[in-house]
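Read top to bottom, the protein sequences are chains S and U.
Sequential numbering from 53 applies to the first sequence in my numbering.
Sequential numbering from 11 applies to the second sequence in my numbering.
Note that the Cβ used here is the ideal one computed from N, Cα and C, for glycine as well.
Everything below concerns the one structure shown next.
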Amino acid sequence: MTTKGEMDDALLDKREGTIDNEDEYTTWVEYWLMDELVHRSAHVTLKKMPTFAGAEMAIF
Amino acid sequence: MCTSFMGELLVGAHQFGSVTLVSRTSLTAPTTDTFKAALYLASATMNAGTTVYTTTGEVTGAGYTAGGITVTNGTAPTATNSSSTAGTAYWTPSANFVYSGVTLTTAFDSVLIYNSTQGNKAVSVHTFGSQTITSGTFTLTMPTNNTTSALLRLATT
């Protein structure tokens, strides 16, 4: 799905990327129609809990 | 500390102080609370000091409902001893968080898990690199539900 409804992939420029660091592994995909972004999705996998959020890992 | 106790904390088996609760129907066999997951803008201040769900700083956009999505809770908390003096109690949602068919044009970078049954009390905040979504899907994959990776962990060492 795009901002313009269902579109033929062949009409669109597909761009993909990843973020891979100690905190997360993320993939994203974008579809562009000329200079217009018509679709963007992202998939985030957390690798570890943020250190500031002590509630997630309480050591007694 | 006894590992079983930590697991029992996660299911509300002990009460050291008074608290005002929404009824869980039965005093001896209370129902499980409902938890939700809401997304927050990168400009919002969400951290360990967060005490309750708020619409302030929450994402807005087509396809997204204020309050977020309901967390799938199909696996009860687990408490596991690693030695005679240490152990971990842990819990992880049993399904990924999936926000489908949304447009979120302002960058967001955190998700708040909160208890929507008990006055929207905050449980945890999890941050990630800033994202936007355009007529798409945002998926947050849950970690492995074990002593070292579970989303919520209480541990003795």
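What's the call for residue i, buried or exposed, on a 16-neighbour Cβ count within 10 Å?
i                       : result
glycine 17 (chain U)    : buried
glycine 97 (chain U)    : buried
valine 81 (chain U)     : buried
methionine 86 (chain S) : exposed
methionine 11 (chain U) : exposed
leucine 51 (chain U)    : buried
threonine 38 (chain U)  : exposed
If you drop the 5 nearest sequence neighbours on each side, which residues of the same chain put their C-beta closer than 6 Å to that of residue i?
i                       : result
serine 159 (chain U)    : Pro153
leucine 55 (chain S)    : In the sequence on display, residue 55 (chain S) carries threonine and not leucine. The residues are Val90.
glutamine 25 (chain U)  : none
alanine 165 (chain U)   : Thr98
alanine 54 (chain U)    : Gly67
threonine 113 (chain U) : Gly71, Ala72, Thr144 and Ser145
serine 14 (chain U)     : Ala89
Taking 8 Å as the CB-CB cut-off, is residue i touching chain S?
i                     : result
leucine 150 (chain U) : yes
serine 145 (chain U)  : yes
proline 153 (chain U) : yes
For residue i and chain U, any beta-carbon pair shorter than 8 Å?
i                       : result
threonine 70 (chain S)  : no
glutamate 76 (chain S)  : yes
glycine 106 (chain S)   : Any reading at glycine 106 (chain S) is ruled out, since the residue's pLDDT is 43, under 50, leaving its predicted position unreliable.
leucine 89 (chain S)    : yes
methionine 53 (chain S) : yes
arginine 92 (chain S)   : yes
leucine 64 (chain S)    : no
leucine 85 (chain S)    : no
Enumerate in chain order the residues of its own chain whose CB-to-CB distance from residue i is below 7 Å, with the five nearest sequence positions on each side excluded.
i                       : result
glycine 78 (chain U)    : Lys46, Ala47, Ala48 and Leu49
threonine 127 (chain U) : Val32, Asp43 and Thr44
valine 108 (chain U)    : Thr147 and Thr149
alanine 105 (chain S)   : Bear in mind that a pLDDT of 39 at alanine 105 (chain S), under 50, signals an unreliable position, so the model cannot answer this.
asparagine 83 (chain U) : Thr42, Phe45, Pro103 and Ser104
Taking 7 Å as the cut-off, is the C-beta of residue i nearer than that to any heavy atom in the ligand GDP?
i                       : result
methionine 59 (chain S) : Absence of the ligand GDP is noted for the structure shown, with no ligands found whatsoever.
Please list, in chain order, all residues of the same chain as residue i whose beta carbon is under 8 Å from its beta carbon, the five residues on each side excluded.
i                    : result
serine 134 (chain U) : Leu122, Ile123, Leu161 and Leu162
Subject >> Proximal residues, the stretch 126 to 142 of chain U versus chain S, C-beta separation under 8 Å >> reply: Val133, Ser134, Val135, His136, Thr137, Phe138, Gly139, Gln141 and Thr142
**OP:** Could you tell me which uninterrupted beta strand (DSSP E) segments, each at least 3 residues in length, are contained entirely in the stretch 118 to 156 of chain U, listed from first to last along the chain?
**Re:** 131 to 151
Original post:
Of the residues that make up the stretch 49 to 74 of chain U, which ones have a beta carbon closer than 8 Å to any beta carbon in chain S?
Top reply: Asn57 and Ala58
**OP:** Note down, one range per segment and in chain order, each beta strand (DSSP E) of at least 3 residues found wholly within the stretch 22 to 81 of chain U.
**Re:** 45 to 51
Original post:
Going along the stretch 101 to 113 of chain U in order, which residues come within less than 8 Å of chain S, judged by CB to CB distance?
Top reply: Gly111 and Thr113
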